[in-house]
Every structure is written in C-alpha cells, then in structure tokens.
Amino acid sequence: MKTSRYVAFVTLALLNAPPAPAQSNAGKDDPDHPVQGGGSLPAGWTARPDGQGEMANVKFVTMEPGYHLTLGPATILYREKDKATGPFHTLAKFNQTKKLKHSEGYGLFMGAQALAGKDQKYTYFLVRDDGSYLIKRRDGDNTSDISKGWTAHPAVKKGDAQGKASNLLEIDAKQNPSKVEFKVNGQTVHRMDAKQLSAKGIVGLRVNHNLDVHIEDFALHQ
3 MKTSRYVAFV TLALLNAPPA PAQSNAGKDD PDHPVQGGGS LPAGWTARPD GQGEMANVKF
63 VTMEPGYHLT LGPATILYRE KDKATGPFHT LAKFNQTKKL KHSEGYGLFM GAQALAGKDQ
123 KYTYFLVRDD GSYLIKRRDG DNTSDISKGW TAHPAVKKGD AQGKASNLLE IDAKQNPSKV
183 EFKVNGQTVH RMDAKQLSAK GIVGLRVNHN LDVHIEDFAL HQ
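Numbers 3 to 224, taken from this note's numbering, label the letters of the sequence shown in order.
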C-alpha cells in the first residue's frame with residue numbers, strides 16, 4: 003500500500019511540474035565548433051561573443067566582396083563609427099555556405115548601447131535557412147520577442163541541399179521616420195512604430211553559433 007501511495011505521489015508531482023526551460027541549440031548535442039585561425043579582426047571592428055564564448059573561435063576576415071565569418075559562439079560584430087543618430091537605413095547581404103545540424107540565425111542589429119558592458123542593449127533581426135525570421139530585443143542578459151518567435155515568410159530564401167542560401171536584410175528607419183521596416187530581399191516582413199524602438203545607437207551584425215557566412219554590402223545610411 004505504501005508503494006502504491008508513493009508511485010501515485012511521484013506521478014502527480016511530475017504531472018504538475020513546470021515545463022523545462024527551452025534550450026538553445028548551443029548545448030551538449032551541438033556545442034560551439036572550434037575555429038582555426040580565429041581571434042583577430044579587420045581594423046576598426048569589435049566582436050562580442052555570447053556568454054562564455056571565446057574570441058579564439060571567431061574568425062572574421064576581409065574577403066572580397068565583403069567579409070567572411072566563421073564561428074564557434076554566437077557573436078555580434080560592429081564598428082563604433084556605424085552609429086545612427088537619427089533616421090537611418092542599414093543593410094547587408096548574407097550568404098550561408100554550409101548546412102548545420104540545427105538551423106541558426108544571422109542578420110543585423112540596431113539601436114545598440116553599452117556593448118562592452120553587462121548592460122548591453124540592442125534590437126536584432128535575423129533569418130535562418132528554414133525560411134523564417136526573428137526580431138528580438140536584448141537588455142543585458144535578458145531577451146524579449148518583438149516578432150512572435152521564429153516566423154515563416156516567403157521572402158526568406160531557404161537553404162538548398164548543401165545549406166547554401168543568400169538573403170539581403172534591411173532595417174529601414176529613414177524612408178518613413180515614423181516607422182521602422184524590417185525587410186528581406188526587398189519585401190517588408192515586419193513594420194512597427196519608431197516610438198516602440200530605440201533607434202539611436204550602433205548598428206552591426208549578429209550571427210549565431212557555428213555558422214559560416216559571407217557578408218556583402220554592409221552599410222549604414224543616414
């Protein structure tokens with residue numbers, strides 16, 4: 003009888019337990035890859051890996067046309083000179099070169115402040131090879147959704163059998179300064195009031211872990 007009561011108690015506890023937190027793709031089943039030749043950056047660029055990511059596993063080099071990035075940890079890359087002080091338009095073309103174990107996002111960020119410290123803030127806009135996009139805010143160690151998680155959209159080009167895909171991303175807060183438009187391959191996938199975002203600040207690149215991408219035409223227009 004005691005055994006039956008114990009089993010019933012354990013079963014009830016498991017049924018009422020809160021769900022396990024969602025895990026990122028970076029974990030025991032898909033750790034950050036080691037990268038040969040990482041650790042240095044083109045002049046003027048700064049990189050900040052997520053969490054405990056190591057700069058030795060960030061390889062970012064000038065390679066015509068543009069830059070080539072090979073990652074272990076998810077990372078943001080930026081130049082201090084790319085700072086929006088008013089209405090702006092930023093863009094870059096991303097060419098994913100390899101298929102990964104899990105789909106991972108790459109794209110742009112805007113409105114960045116305090117990037118060197120624990121109170122970093124920015125809004126980021128990513129796509130990934132399953133044909134979806136994501137817009138989120140980062141505030142220190144916390145993030146919050148602007149889009150409803152990863153959202154499928156026909157404008158986002160999916161990866162082919164080898165994982166290759168090319169997508170042009172834009173954040174346009176210049177054409178209509180009262181709005182911010184997030185575009186993929188010339189199509190607006192999300193639009194919102196400029197008052198809902200902190201538009202002033204550094205713009206740059208965000209690429210998630212283990213990706214290998216070629217980046218072309220990165221620019222800030224004010």
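Cβ atoms here follow ideal geometry from the backbone N, Cα and C, with glycine treated the same way.
Short Cβ contact (9 Å threshold) for residue i with residue j
i: ALA167; j: GLN54; result: no
i: ASP31; j: LYS103; result: yes
i: LEU121; j: LEU222; result: In the sequence as displayed, the identity of residue 121 is Asp instead of Leu. Their beta carbons are not under 9 Å apart, which means ASP121 does not touch LEU222 by this criterion.
i: GLU172; j: HIS91; result: yes
i: MET112; j: VAL186; result: no
i: LEU136; j: TYR124; result: no
i: LYS61; j: GLY40; result: yes
i: GLY109; j: ALA86; result: no
i: SER146; j: HIS192; result: no
i: ARG261; j: ALA118; result: Nothing about residue 261 can be read from this structure; the chain reaches only from 3 to 224.
i: GLU183; j: ASP174; result: yes
Residue i (DSSP reduced to helix, strand or coil)
i: LYS160; result: coil
i: MET57; result: helix
i: ALA154; result: strand
i: GLN177; result: coil
i: LYS202; result: coil
i: ALA45; result: coil
i: LYS166; result: coil
C-alpha distance - residue i paired with residue j, whole-angstrom precision
i: THR153; j: SER134; result: 5 Å
i: ALA58; j: HIS35; result: 11 Å
i: THR64; j: VAL215; result: 12 Å
i: GLN189; j: LEU71; result: 25 Å
i: PRO156; j: GLN38; result: 36 Å
i: THR77; j: GLY203; result: 18 Å
Exercise for review: Scan the stretch 70–128 and note each continuous beta strand (DSSP E) run of 3 residues or more that stays entirely inside, going in chain order.
Suggested key: DSSP runs (the beta strand (DSSP E)) wholly in the stretch 70–128: 77–86, 91–98 and 108–115.
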